[in-house]
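**Student:** Residue numbers (numbering that gives the first Met the number 0), protein chains in the order written: chain R, 0 to 196; chain E, 0 to 196; chain Y, 0 to 260.
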Amino acid sequence: MIDDLERAIEAMLFSSDEPLDARQIAGRLGDEMTPGQVKAIIETIAARHAGSGIELVERGGRWHFQTPADLAHLLRRERDDPRKLSRAAAEVLAIVAYHEPVSRAEIEAIRGVQTSKGTLDVLMEAEWIAPAGRREVPGRPLIYKTTDAFLQHFGLASRKDLPGIDDLRAAGLLDPVDLAFDAAMGELDLVKDGEEA
Amino acid sequence: MIDDLERAIEAMLFSSDEPLDARQIAGRLGDEMTPGQVKAIIETIAARHAGSGIELVERGGRWHFQTPADLAHLLRRERDDPRKLSRAAAEVLAIVAYHEPVSRAEIEAIRGVQTSKGTLDVLMEAEWIAPAGRREVPGRPLIYKTTDAFLQHFGLASRKDLPGIDDLRAAGLLDPVDLAFDAAMGELDLVKDGEEA
Amino acid sequence: MEGLSLAFNMAPPPTARDDALQLSFESWEGPLDLLLALARSQKVDLKQISILALVEQYLRFIAEARELKLEVAADYLVMAAWLAYLKSALLLPKDPLEEPSPDELALRLQLRLQRLAAMREAAARLLARDRIGRDVFLRPQPEGLRDVKRRRWDASLYDLLAAYGQVKLRSEPVVHMVSRRPVVTLDAALHHLERMLGVRLDWGELADFLPADYRGPLRRSAIASTFVAALELARQGRVDLRQERAFEPLYLRTATGGQGA
C-alpha cells in the first residue's frame, strides 16, 4: 500500500510539464511539509521505479520522469530529431558549462576565433545558456551560465556531473592560460633553483 | 527485477503520444510476440502500478498512463482572483436589476451608450445575471434577468428591496448634477455658508 | 627545463598533404583550430608535442596553400608570420635578455592548444550523453500542473445603486430650474432709504440704512438695491456720499448742499 502523500507527489511529477523541485511540490501540497520531507518521499518514489521502464531522475535539484537510455532504440523514431548543434555551438556550450560564468571574450580566448552572434543566440534560444549578469571589469561584459534546461537535456544531475570536469580541473585545464603559464614557470623556477643550489 | 520486455512496453506506453493497443506494441517490439502475450505483460505492468500515483488504464483496447482521478484536485488547483466590477458593468447590472427582463438593446437605450458583449459576459460569469428567454419582437433578442446569486451577493431578500428612485434621490445618489451646479456657483456658496454659520 | 626541452623534440613532421588535412580553409575555424589539427597529427599527447615541428607543419601547410593559389585569410598569415618568428627564435642561440623568451611563447601556445583540445573533447562527451528526445524520452503531452484562476467579481450594493443613479441622471431629460430668489426692489430700497435719511442726520454707513430684518439672500439684494438707491438720491442732490478709498465702507447722510463727495 503506497501512502497518499507518495501517490500525490508521484502524480504531480508525472503530470507536470516541467521538472519540479521539492519546494514547488511542498507548496502545492499546501501541507506543513518541508522540502526535505518531500525530497525523502521523492527518493522513495525514484527507488520504487528504479530498473523499470520509467525512471524518476534528478536534474539540477528538479525531478522528472523519463525512459531509460538503454531502451532508446525501441522508442526512437524518425520524428525524434534533437537539436543538431554546429561544432562551434557545441564548443561554446562546453566552454560555458565548464567555465561558467564566462564572458564572450573569455570564450573567444579559448577558441582562438570570434564567436558569431548566432552561436550564442542558438544556445540561448534552446534555453541551455542564459546571461548571468556582468563581469565587474572595464567594459562590464555580459557573462553567461548554463540553465536547468541544459542539465535536463543532457541528463546531468548537477554541474558536478559534467563529464571529466574533476580531471580537467585537477589538470588545470579550466584555468586561464596566464594562470597555467605562471604555474608552469613557477615549477620550472623551482627546478632551476634546485639545480643552482 | 523487472524483465526487459516489460520495461520496454512500459517505456513505450509512457513515451507514446497516443494510447497504444497490443498489436501496435507487438509491431514495434519487432519480436515474435503475439498481441495476447503483449496484453499479459501490459496487465502485469498495470498491476504493478495499481494504487500508486500513476495508473495504466485501458480505453477501448488501448492503454495509456494517467493520474488517478482522486488526485485531480492537486494537479489542477483553483484559486480566487478578486476583481472590482467596472463602472460600465455596474451600470448594466443595475439596469438589469431595475428593469428585468431586459434585452441588450433596451439596456443600451437606458444607458444611452453602447454596451459591449464582454460586459454582459462578465456579469454572466459572475453569475449575477442569466438569460431569461427571448423577447417576442422582431429579431427575438435575448433578455436577461438577475439571479439568486445576485440577491445573495448584494444582501437583498428580493428585487423589491432595491431602493426606488425617490430613495436614491434622498440618499444623494442622484446628486452629482446638483453638486456640479453648486461647484459652478462656488462663490455664492461661500458667502451663503459664511452668513448662515 | 626538462618539460620544455621534451616539448621541442624534433619529431618527424607529418606532411601537410596528410589525408586528414585537406587543403581547404573552410574546414578550419581559424589558425588555432588548424594548429590543433596539425598537432593531433603528431599522434602524441599535447603535453609532449613538439612545438617546433608544429610550427614547421603550419608554415609548410600555408606555403603549399599559397603555391596552389588558395585564398589564405589574413589571420592565418598573421599566425604564420608569428610562428616563423617563433621558429627562428627557438633555433637561434638563446638571448637571455629577450623578453618574453621563445620558450615561454612556445609554452603559451602549447597551453592554448591543450585548453582548446580539452573543451573540444568535453563538447563531444557532452553531446554523447543521454539526451532528451534522442536517448531518453519524456511524456509527450503532460497535462501540466495548473492553477486555474477563478475570477471573483466584487461590487457592493452602493456601487450598484450609484451606478444606477448615474444612468438615471444621464438618461433623464435635463431641466434647468432657476429658483425664484427673494429680492429687494430698487423702489422699495429708495423708499426705505428716504425714510431712514429723514430720521438720521449724521454720516452713517450704507449698511446702517438697511432694514434690520433682511437676512440671507434678501440682505445681499438689499445691499445692492440700497446702493443703487443711494446713487440715485446722490444724483438728485438729496444725499452726500463719502468713501475713503475703493472698497472702504460707503457713508451717506442727508445732503447739506454742495458738499457732496
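Yeah, the Cβ is synthetic: ideal placement off N, Cα and C, and Gly gets one too.
(1) What does ILE128 (chain R) pair with, by DSSP beta-bridge criteria?
(2) Could you give the DSSP three-state label for PRO217 (chain R): helix, strand or coil?
(3) Starting from PRO81 (chain E), trace the beta strand (DSSP E) both ways and give me its first and last residue.
(4) Quick one, are the C-beta atoms of LEU70 (chain E) and ALA21 (chain R) less than 7 angstroms apart?
(5) Which residue marks the beginning of the alpha helix (DSSP H) containing VAL95 (chain R), and which one marks its end?
(6) Do you know offhand how far ALA182 (chain R)'s Cα is from ARG107 (chain Y)'s?
(7) Go ahead and label MET0 (chain E) buried or exposed: buried means 16 or more other beta carbons lie within 10 angstroms of its beta carbon, across all protein chains shown.
(8) Measure the CB-CB distance between GLN56 (chain Y) and ILE48 (chain Y) and report whether it falls below 7 angstroms.
(9) At 3 residues or longer, and completely inside the segment 1–59 of chain R: list those beta strand (DSSP E) runs for me, N to C.
(10) Report all residues from its chain with a CB closer than 6 angstroms to the CB of PRO175 (chain E); omit the five preceding and five following residues, and keep chain order.
(11) Which class does PHE60 (chain Y) belong to by DSSP, given the choice of helix, strand or coil?
(12) Sorted by chain position, which residues of the same chain lie with C-beta nearer than 8 angstroms to LYS86 (chain Y)'s C-beta, five sequence neighbours on each side aside?
(13) Taking DSSP's pairing of strands, which residues face ILE131 (chain Y) in a bridge?
(14) Using only CA atoms, which one of Y:THR255, Y:ASP74, Y:ALA161, Y:GLU120 lies nearest to GLY197 (chain Y)?
(15) Let me make sure I understand the geometry here. Which of Y:VAL71, Y:LEU31, Y:ALA229, Y:SER100 has the alpha-carbon closest to that of MET195 (chain Y)?
(16) Report the partner residues of TRP62 (chain E) according to the DSSP bridge assignment.
(17) Please list, in chain order, the chain Y residues whose beta carbon lies closer than 8 angstroms to that of GLU57 (chain R).
(18) Check whether the Cβ of VAL166 (chain Y) lies closer than 7 angstroms to any Cβ atom in chain E.
(19) Measure the C-alpha to C-alpha separation of LEU4 (chain E) and ALA38 (chain Y) and round it to an integer number of angstroms.
(20) What is the C-beta distance between TRP62 (chain E) and LEU119 (chain E), in whole angstroms, given that I count them as a contact (C-beta under 8 angstroms)?
(21) With DSSP collapsed to three states, give me the class of THR225 (chain Y).
(22) Smallest Cα separation from GLU63 (chain Y): which of Y:PHE24, Y:GLU97, Y:LEU217, Y:VAL43?
(23) Determine the contact status of LYS144 (chain R) and PRO100 (chain R), defining contact as a CB-CB distance below 7 angstroms.
(24) Look at the Cβ atom of VAL166 (chain Y), then the Cβ atom of SER224 (chain Y), and state whether they are nearer than 7 angstroms.
(25) ALA89 (chain R) and VAL121 (chain R) - do their beta-carbons sit closer together than 7 angstroms?
(26) May I have the straight-line CA-CA distance separating GLY26 (chain R) from ALA96 (chain E), to the nearest angstrom?
(27) Apply the 10 Å Cβ neighbour rule to ASP102 (chain Y) and answer buried if 16 or more other Cβ atoms are within range, or exposed otherwise.
(28) Could you tell me which of R:HIS48, R:ASP2, R:ILE106, R:MET123 sits nearest to PHE13 (chain E), measuring between CA atoms?
(29) Is DSSP giving THR184 (chain Y) helix, strand or coil here?
(30) Comparing the C-beta of LYS116 (chain E) with each C-beta of chain Y, is any distance below 7 angstroms?
(31) Alpha carbon to alpha carbon, what distance is there between GLN235 (chain Y) and LEU192 (chain Y)?
(32) Taking all protein chains shown into account, do 16 or more other C-beta atoms lie within 10 angstroms of the C-beta of ARG58 (chain R), making it buried, or fewer, making it exposed?
(33) For ALA68 (chain E), would you say it is in contact with chain Y, using Cβ-to-Cβ distances shorter than 7 angstroms as the test?
(34) ALA104 (chain R) touches chain Y at which residues, Cβ-Cβ below 8 angstroms?
(35) Going by DSSP in three states, GLU204 (chain Y) sits in which element: helix, strand or coil?
(36) Mind listing the chain R neighbours of PRO92 (chain Y)? Cutoff is C-beta to C-beta under 8 angstroms, in chain order.
**Tutor:** According to the data block:
(1) According to DSSP, ILE128 (chain R) bridges with R:THR145.
(2) No answer is possible for residue 217 (chain R): it lies beyond the span of chain R, which begins at 0 and ends at 196.
(3) 75–83
(4) no
(5) 86–98
(6) Those two C-alpha atoms are separated by around 12 angstroms.
(7) exposed
(8) Their beta carbons are not under 7 angstroms apart, which means GLN56 (chain Y) does not touch ILE48 (chain Y) by this criterion.
(9) 54–58
(10) No answer about PRO175 (chain E) holds up, because its pLDDT of 49 lies below 50 and its placement is not dependable.
(11) helix
(12) LEU51, VAL54, GLU55, LEU58
(13) Y:VAL135
(14) Y:THR255
(15) Y:ALA229
(16) E:LEU19, E:GLU57
(17) Correct list: empty, because the minimum Cβ distance to chain Y is about 13 angstroms.
(18) yes
(19) 48 angstroms
(20) Rounded, the Cβ-Cβ distance is 46 angstroms, inconsistent with contact.
(21) helix
(22) Among Y:PHE24, Y:GLU97, Y:LEU217, Y:VAL43, the Cα nearest to that of GLU63 (chain Y) belongs to Y:PHE24.
(23) It is a contact, given that the beta carbons lie within the stated cut-off.
(24) No. Outside cutoff.
(25) No, Cβ-Cβ distance for VAL121 (chain R) and ALA89 (chain R) is not below 7 angstroms.
(26) Answer to the nearest angstrom: the Cα atoms are 42 angstroms apart.
(27) buried
(28) R:HIS48
(29) coil
(30) no
(31) 14 angstroms
(32) buried
(33) no
(34) Those within 8 angstroms of ALA104 (chain R) in chain Y number zero; the least Cβ separation is about 15 angstroms.
(35) strand
(36) Ordered by position in chain R, no residue passes the 8 angstroms Cβ test against PRO92 (chain Y), which lies about 19 angstroms from the chain.
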